[in-house]
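The structure appears below as structure tokens.
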Amino acid sequence: MSREAELKTRTDTSTYPATKVATTKKAAIISLALASFPMPNFMEVDKTGLETGVSQIDIFARLLWFTLAFAALLLSNRQALPRSFKKPNHLLALTLLYCATLIPGILANSANLVTLYRLLEYSLVILSLITLIDLIKNAGKEHAAHTLSLVIFISASVLLAFIAGGMFIDPSHFYGVETQGRARLGGNAYSPNLLGVIFSLAIICSIHLKKNQVKRKKYFYVIMITAFVVGLYLTGSRTAQLGLIIALVLWTSLRMNRLNRLIMIIFFSAPLIFIISILSDQVISAAASLLGKGAGVESRLEDLLTLNNRNIVAEVGLRGALENWTHGVGFVEGVKQYYRENFTQGFWVPPHSHNALIEAFLSGGIATFFLAAYVYSKNLALIAGKVAAKMTSKPDRFAITLLTPMMAASLTMTTFGGIYTPITMWFFIGTLLLWTRERENKTAFYY
56 MSREAELKTR TDTSTYPATK VATTKKAAII SLALASFPMP NFMEVDKTGL
106 ETGVSQIDIF ARLLWFTLAF AALLLSNRQA LPRSFKKPNH LLALTLLYCA
156 TLIPGILANS ANLVTLYRLL EYSLVILSLI TLIDLIKNAG KEHAAHTLSL
206 VIFISASVLL AFIAGGMFID PSHFYGVETQ GRARLGGNAY SPNLLGVIFS
256 LAIICSIHLK KNQVKRKKYF YVIMITAFVV GLYLTGSRTA QLGLIIALVL
306 WTSLRMNRLN RLIMIIFFSA PLIFIISILS DQVISAAASL LGKGAGVESR
356 LEDLLTLNNR NIVAEVGLRG ALENWTHGVG FVEGVKQYYR ENFTQGFWVP
406 PHSHNALIEA FLSGGIATFF LAAYVYSKNL ALIAGKVAAK MTSKPDRFAI
456 TLLTPMMAAS LTMTTFGGIY TPITMWFFIG TLLLWTRERE NKTAFYY
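Structure follows, in structure tokens:
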């Protein structure tokens, strides 16, 4: 079988019962969209991290959301659950093992109900993987990719409407000044960086959904893309903005042949190399001196050059991970407690390691780190292989484009490895799409 035929993705679902496919997709969209809604902080939070209490309203709201999302995913997968655990998919087995490696660290560091609940939320990731695995088997990989793009679009649209409504009630709660002095969308309700990544993924999914639509619907998606771009700009998330640019360049290049891809990469890389080469030693030294700063910078340019103390946060986290390499310091709450006791380099206490792999290492030790690093490095290897390949299927192009901003964001925030967010679920589902390969005989198997 030729490479082209092997990479050809099934788009025709006529060989499957129409009712079954429609029902599966509808149930998947509803349950995944519910699990994809990012819960806000309804009450004011201490952004320095010195005050650790959580309001009763926020606790009740998150518990209610989790219960509804868990029940919806469980009901939509009631038939797929037995066979999924009887012969688990490769990524599903790795995810289950990942969660298991976190338990020793939780037990060894005085586990409390909050820590155990944080781990329980990862059951949404497991159930979402089962949902997509079943959808791929019933309707094909492209159908599953379309469903995921629709789920992300719905989630981001509802989020945008929720924030817009909240701005009328309490503008300062949804748009406020951070400790560095920058006004950003998110305020007390959301992390601006989380919103930035969500909006960047929503832009990608909107472009994906806009294709092959009637003219009226195309106008609707153009309007939504504009709204998401404005939202992304207001978050001020540099990682999300850079990740989106890289993703769109990759997406465009994957539609070309290999020669044009090479030309495009050179076209975008050459100006960057030229700019770096003409910078004097004094300019490089001045820029380097800003790295690690975040407060007290005098200009917008200086602020853009800083890492906002993230390198120091990562350094402290890595030191703690190496000191507790056998089982870590505990999942989420254990990491927070570690930083409260060991981070003395600033006037604030980091809520996490600002790096997904370090967070995994610090949370659960060496076994957790190796599992996270395996998934991350395998994604990088598959993306590189597909970029170099002669032909890349449409679902693979979508998966690569979707994963790129999340993998970029994992360098400065915990897209996975920390507290559950919609990005956590989307990362694992996007990974499932990337790892799944379909043959011409319509049987799916996994790398």
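When the letters of the sequence shown are read in order and numbered with this note's numbering, they come out as residues 56 to 502.
For each residue, glycine too, the CB sits at the ideal point set by N, CA and C.
#1: Helix, strand or coil: how does DSSP classify A244 here?
#2: Does V109 come out as helix, strand or coil in the three-state DSSP assignment?
#3: If T290 and F254 are in contact, beta carbons under 8 angstroms, what's the gap, nearest whole angstrom?
#4: Using DSSP bridges, identify the partner residues of V232.
#5: In the DSSP assignment, the alpha helix (DSSP H) including R310 goes from what residue to what residue?
#6: Okay, do the stretch 194-208 and the stretch 82-90 touch, 3+ Cβ pairs below 8 angstroms being the bar?
#7: Kindly confirm or deny that the stretch 144-158 and the stretch 184-196 touch, where touching means at least three C-beta pairs closer than 8 angstroms.
#8: Whether or not the stretch 410-423 and the stretch 373-382 are in contact is what I'm after, with contact meaning three or more pairs of Cβ atoms, one per stretch, closer than 8 angstroms; do they touch?
#9: Between V252 and A428, is the Cβ-Cβ spacing less than 8 angstroms?
#10: Are there three or more Cβ pairs, one per stretch, closer than 8 angstroms when the stretch 155-174 is compared with the stretch 437-449?
#11: Please go through the stretch 269-299 and give each complete alpha helix (DSSP H) segment of 4 or more residues, from N-terminal end onward.
#12: Hey, out of S408, K80, E176, whose CA is closest to L151's CA?
#13: Which residue marks the beginning of the alpha helix (DSSP H) containing H198, and which one marks its end?
#14: Here's the rule I'm using: 16 or more other beta-carbon atoms within 10 Å means buried, otherwise exposed. How should N379 be labelled?
#15: Taking 8 angstroms as the cut-off, decide whether the C-beta atoms of M98 and S110 are in contact.
#16: Is it the case that the Cβ atoms of A454 and L489 are separated by a distance below 8 angstroms?
#17: Nearest to H228 by alpha carbon, out of F217, N243, L215, R237?
#18: Are the CB atoms of L466 and G485 within a distance shorter than 8 angstroms?
#19: Assuming M480 and A88 form a contact by the criterion Cβ under 8 angstroms, report the distance between their Cβ atoms to the nearest whole angstrom.
#20: Am I right that M462 and I478 are in contact with their C-beta atoms under 8 angstroms? What's the rounded C-beta distance?
#21: Going by other Cβ atoms of all chains shown within 10 Å of its Cβ, with 16 needed for buried, is L520 buried or exposed?
#22: Could you name the residues of the same chain whose beta carbon sits closer than 7 angstroms to that of L136, not counting the 5 residues immediately before and after it, in chain order?
This is what the structure gives:
#1: Three-state result, A244: coil.
#2: Coil, per DSSP.
#3: 7 angstroms
#4: Partner(s): A238.
#5: Annotation: R310 is outside any alpha helix (DSSP H) and is labelled neither H nor E by DSSP.
#6: yes
#7: yes
#8: For the pair of segments examined, the stretch 373-382 was found to touch the stretch 410-423: the number of CB pairs separated by less than 8 angstroms reaches three.
#9: no
#10: no
#11: Uninterrupted alpha helix (DSSP H) stretches at least 4 residues long and entirely within the stretch 269-299 occur at 270-290, given in chain order.
#12: Considering only alpha carbons, the answer is E176.
#13: 196-224
#14: buried
#15: Taking 8 angstroms as the cut-off, the Cβ atoms of M98 and S110 count as close.
#16: Yes.
#17: N243
#18: no
#19: Wrong, their Cβ atoms sit about 11 angstroms apart, outside the cutoff.
#20: Contact annotation, M462 with I478: C-beta distance approximately 11 angstroms; criterion of less than 8 angstroms not satisfied.
#21: The structure shown does not extend to residue 520, since the chain is modelled only from 56 to 502, so the question has no answer here.
#22: I185
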